[in-house]
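A short worksheet on the structure shown next.
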Amino acid sequence: MQTARDKIRELRALHDDGLLSLQEFDRRKNAILDAEYAPPGGRSAPANLPPRQGTELGLMTGQEIGPQNRRYRLERLIGMGGMGQVWLATDLATHAELGHSELVALKILPPQLTQSATHAKLLIEEATQARKLAHENIVRVYEWAQDPATSSYFIIMEYLEGRDLDAYLAERGALPLEEVYKLLSPLGDALQYAWDKHKLVHRDIKPGNVFLTQRGEVKLLDFGIASRARSAGSSLGLQTPNAGTAGYRAPEAGTHQGLPGPRLDVYAVAVMIYQLLEGRMPFDDMRPADFHPSPPRGLNERQWQVLQQGFAYLAERRPASVNELLAQLRAAAGPSDAELAAEAEQAARAEQEL
Numbered sequence: 030m031q032t033a034r035d036k037i038r039e040l041r042a043l044h045d046d047g048l049l050s051l052q053e054f055d056r057r058k059n060a061i062l063d064a065e066y067a068p069p070g071g072r073s074a075p076a077n078l079p080p081r082q083g084t085e086l087g088l089m090t091g092q093e094i095g096p097q098n099r100r101y102r103l104e105r106l107i108g109m110g111g112m113g114q115v116w117l118a119t120d121l122a123t124h125a126e127l128g129h130s131e132l133v134a135l136k137i138l139p140p141q142l143t144q145s146a147t148h149a150k151l152l153i154e155e156a157t158q159a160r161k162l163a164h165e166n167i168v169r170v171y172e173w174a175q176d177p178a179t180s181s182y183f184i185i186m187e188y189l190e191g192r193d194l195d196a197y198l199a200e201r202g203a204l205p206l207e208e209v210y211k212l213l214s215p216l217g218d219a220l221q222y223a224w225d226k227h228k229l230v231h232r233d234i235k236p237g238n239v240f241l242t243q244r245g246e247v248k249l250l251d252f253g254i255a256s257r258a259r260s261a262g263s264s265l266g267l268q269t270p271n272a273g274t275a276g277y278r279a280p281e282a283g284t285h286q287g288l289p290g291p292r293l294d295v296y297a298v299a300v301m302i303y304q305l306l307e308g309r310m311p312f313d314d315m316r317p318a319d320f321h322p323s324p325p326r327g328l329n330e331r332q333w334q335v336l337q338q339g340f341a342y343l344a345e346r347r348p349a350s351v352n353e354l355l356a357q358l359r360a361a362a363g364p365s366d367a368e369l370a371a372e373a374e375q376a377a378r379a380e381q382e383l
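When you line the sequence shown up against the working numbering, it's residues 30 to 383, in that order.
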């Protein structure tokens with residue numbers, strides 16, 4: 030269990046790295062000391078520091094946030110969830126330099142994700158890793174910053190126009206298999222690139238993190254927050270606070286069963302394939318190990334066996350990658366070896382009878 034001294038040492042390391050303002054360091058340090066030593070009703074000085082924003086973040090349209098040399102004006106709230114709020118924003122520095130507005134998306138993190146010095150450093154490390162990802166099917170992450178007025182961390186990303194796969198599925202209902210391939214093949218390429226080049230896994234694949242742009246592109250969202258690549262050289266042994274979304278989360282996610290690998294994402298994509306084909310989830314939030322859903326429409330028996338391997342309870346039974354899962358599904362579309370042999374035998378008999 031961490032002592033007050035350990036917690037303050039973590040805060041000081043974050044401040045020394047330039048990731049925590051002196052004011053916020055003092056505020057958090059005093060909160061730790063209050064919890065450990067202050068009598069009931071007492072608190073450490075100074076008492077006039079501004080309160081930290083609540084989970085609603087207290088943000089407003091027209092508000093400017095960011096460091097002095099890189100300010101952003103919030104234009105419109107475009108999304109929110111457990112990982113924070115997403116705002117359409119104007120990059121004021123670019124506007125001043127070029128004379129026209131540059132629109133970006135800001136993901137502003139809630140306080141509970143950064144109150145721990147270790148978790149704050151972890152999230153910043155992941156945003157830094159996500160900046161390396163340059164793939165046509167992954168939303169671009171430009172940089173991260175901290176607002177000195179509120180101490181909120183935020184990530185600056187490419188702004189996209191369109192809708193996510195959740196909204197598309199709600200409108201269309203169950204989809205044919207060929208359309209499922211068309212939607213998910215770009216995801217397989219994006220995930221393969223992230224793993225091959227940077228050993229990154231997403232860990233929160235779901236329809237809400239798949240974006241369909243107005244130009245017909247498929248983009249994978251939230252690599253900067255949801256991913257966790259714990260390389261051998263990483264100084265952080267903790268996993269990201271977010272280990273996936275219920276229903277899409279592999280059984281081993283959020284545990285300490287080795288380093289995260291591509292089979293975490295294979296599980297989620299297999300669940301999505303079932304959902305897209307059938308219009309419903311294959312499992313409840315808590316999946317029993319011995320539960321087997323009914324086959325979805327649009328798959329033959331061999332394809333259904335492949336899909337079940339995709340969301341196998343044990344990771345080692347799944348295909349090694351999403352691309353491999355999709356390739357196996359396509360290969361299983363034709364007749365089986367036994368069916369081909371039976372057809373050949375039938376043709377041979379017919380020829381003998383002539």
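For each residue, glycine too, the CB sits at the ideal point set by N, CA and C.
Spatial neighbours of D319 in its own chain (CB-CB distance under 6 angstroms, excluding positions within 5 residues in sequence) are not present.
Residue state for G217 is assigned as helix, using DSSP reduced to three classes.
Assignment of D319 by DSSP, reduced to helix, strand and coil, places it in the coil class.
G217 has its alpha-carbon roughly 36 angstroms from the corresponding atom of I94. Collapsing the DSSP output to three states places I234 in coil.
A149 is classed as buried because its beta carbon has at least 16 other beta carbons within 10 Å across all chains shown. DSSP places D225 in the helix class (H, G or I) of the three-state scheme. Between W333 and the set L355, E345, A42 and L229, the nearest pair of CA atoms involves L355. In this chain, the alpha helix (DSSP H) harbouring V335 covers E330 to G339. For D120, the three-state secondary structure derived from DSSP is strand. Within the DSSP bridge table, the entry for L138 names no partner. Shortest Cα-Cα distance from F183 to any of A362, Y303, A376 and P140 involves P140. One Cα belongs to Y296, the other to P280, and the distance between them is close to 9 angstroms.
In chain order, G308 place their CB closer than 7 angstroms to the CB of G202, counting only its own chain and leaving out the 5 sequence neighbours on each side. Counting only residues of its own chain and dropping the five nearest sequence neighbours on each side, V209 has a CB closer than 7 angstroms to the CB of I302, L305 and L306.
For R292, no beta strand (DSSP E) encloses it; the enclosing alpha helix (DSSP H) starts and ends at P291 to E307. Around the beta carbon of P236, a 10 Å sphere encloses 16 or more other beta carbons of the protein chains shown; the residue is thus reported as buried. Shown here, R378 sits in a helix according to DSSP, grouped into three states. Per the Cβ contact rule, the segment 182–196 is in contact with the segment 160–174 (3 or more Cβ pairs under 8 angstroms). Between L117 and L138, the CB-CB gap reaches or exceeds 8 angstroms.
In this structure R278 is buried. Its beta-carbon is surrounded by 16 or more other beta-carbon atoms within 10 angstroms.
About 19 angstroms separates the beta carbons of L194 and V230, which is beyond the 8 angstroms limit, so they are not a contact pair.
Between L293 and the set D313, F340 and P325, the nearest pair of CA atoms involves F340.
Per DSSP, V168 is not a residue of any alpha helix (DSSP H), being assigned neither H nor E. Each of P96, L343 and D313 was checked against the Cα of P177, and the nearest Cα belongs to P96.
Inter-residue distance for E154 and R326 is about 42 angstroms (C-alpha atoms, whole angstroms).
About 18 angstroms separates the beta carbon of A174 from that of F252, a gap too long to meet the 8 angstroms contact definition. E39 sits in a helix when the DSSP states are folded into three classes. Judged by beta-carbon spacing, Q243 lies within the 8 angstroms limit of E190, meaning their Cβ atoms are closer than that value.
Relative to A196, the option among L343, G108, K228 and Q338 whose CA is nearest is G108. Membership of K161 in any alpha helix (DSSP H) is not indicated, and neither H nor E is assigned to it by DSSP.
When DSSP states are grouped into helix, strand and coil, Q357 belongs to the helix group. Annotation for E200: no beta strand (DSSP E) segment contains it, though the alpha helix (DSSP H) segment containing it runs L194 to R201. Contact annotation, T274 with D225: C-beta distance approximately 25 angstroms; criterion of less than 8 angstroms not satisfied. L241 is positioned such that its CB atom lies no closer than 8 angstroms to that of A299.
Distance from the CA of G91 to the CA of N98, rounded to the nearest whole angstrom, comes to 18 angstroms.
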